[in-house]
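Q: In the working numbering, the protein residues as written are 1 to 170.
Backbone N, C-alpha and C define an ideal beta-carbon position, used for all residues, glycine too.
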């Protein structure tokens with residue numbers, strides 16, 4: 001984890017000319033103690049940081065009436081964990097643009113300085129950021145969805161030094 005983050009920060013510094021003010025890593029698997037330690041060792045000096053594990057466990061919440069739960073609904077399990085509905089009923093559209101009952105993303109781990117509400121706000125923004133689809137919003141944030149696609153491409157490419165440019169993975 002530490003080596004990967006160091007490489008990312010070096011690339012960021014080379015492109016932007018300084019360290020980021022905020023670093024958030026989204027994962028779909030639980031973090032080991034060694035990963036957490038590597039993350040904490042490398043992020044010193046970055047003001048806002050989080051190592052977040054997201055999961056889908058099939059949890060469903062219903063609200064009174066006939067409409068699905070609202071997109072953006074959060075269920076807070078404390079300062080660091082909870083549920084985030086990245087899909088659901090959208091009052092502006094006056095509909096739920098999905099096919100099944102909306103299921104939330106669960107923030108199962110949140111190591112770092114960000115609270116659950118800050119992580120939830122980021123997740124909602126990142127589910128509307130995917131310009132490669134015509135969807136109003138997606139279930140997974142672009143960080144997870146795009147990394148899965150890049151992983152598929154890298155398996156096929158079988159290269160030692162992958163490109164760092166977004167355009168090469170579209």
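May I have a chain-ordered list of the beta strand (DSSP E) segments no shorter than 3 residues that lie completely inside the region 56-136?
A: The region 56-136 contains these whole beta strand (DSSP E) runs: 74-76, 82-84 and 105-112.
Q: On the DSSP letters alone, give me the boundaries of the beta strand (DSSP E) that residue 22 sits inside.
A: Looking at the DSSP string, the run of the beta strand (DSSP E) that includes residue 22 is 22-27.
Q: According to DSSP, residue 13 sits in a beta bridge with which residue or residues?
A: BP columns for residue 13 are empty, so no partner.
Q: Along the chain, where does the alpha helix (DSSP H) that runs through residue 140 open and close?
A: First-last for residue 140: undefined, no H or E at that position.
Q: Taking 8 Å as the cut-off, decide whether the C-beta atoms of residue 42 and residue 101 are in contact.
A: No.
Q: Take every Cβ of the region 58-66, pair it with every Cβ of the region 116-123, and state whether three or more of those distances are shorter than 8 Å.
A: No contact exists between the region 58-66 and the region 116-123.
Q: For residue 52, list the residues DSSP reports as bridge partners.
A: The partner list for residue 52 (beta bridge, DSSP) reads 26 and 110.
Q: Along the alpha helix (DSSP H) that carries residue 41, what are the first and last residues, could you check?
A: Here the alpha helix (DSSP H) through residue 41 covers 33-42.
Q: Please state if the CB of residue 107 and the CB of residue 172 are separated by a distance shorter than 8 Å.
A: Coverage of the chain is limited to positions 1 through 170, which leaves residue 172 absent and any answer about it impossible.
Q: Pick out whichever of 146, 15, 84 and 19 has its Cα sitting closest to the Cα of residue 103.
A: With distances taken between Cα atoms, residue 103 lies closest to 84.
Q: Could you tell me which of 13, 163 and 24 sits nearest to residue 114, measuring between CA atoms?
A: Ranking the options by Cα distance to residue 114, first place goes to 24.
Q: Do residue 55 and residue 28 come within 8 Å of each other at the CB atom, strictly closer than that value?
A: Closer than 8 Å, so yes.
Q: Excluding sequence positions up to five away, which residues of its chain have a Cβ less than 7 Å from the Cβ of residue 60?
A: So the list reads 101 and 103, once near-sequence residues are dropped.
Q: Would you tell me roughly how many angstroms separate the C-alpha atoms of residue 70 and residue 91, rounded to the nearest one?
A: Their Cα atoms are separated by approximately 8 Å.
Q: Could you name the residues of the same chain whose beta carbon sits closer than 6 Å to that of residue 49, not counting the 5 residues immediately before and after it, in chain order?
A: Same-chain partners within the cutoff: 23, 43, 112 and 113.
Q: When the Cα atoms are used, what is the spatial distance from residue 123 to residue 158?
A: When rounded, the distance between both Cα atoms is 31 Å.
Q: Out of 144, 1, 46 and 13, which has the shortest C-alpha to C-alpha gap to residue 35?
A: Out of 144, 1, 46 and 13, 1 has the C-alpha closest to the C-alpha of residue 35.
Q: Might you give, ordered along the chain, the residues of its own chain that have their beta carbon closer than 6 Å to the beta carbon of residue 80, omitting 5 neighbours on each side?
A: Contacts found: 110 and 116.
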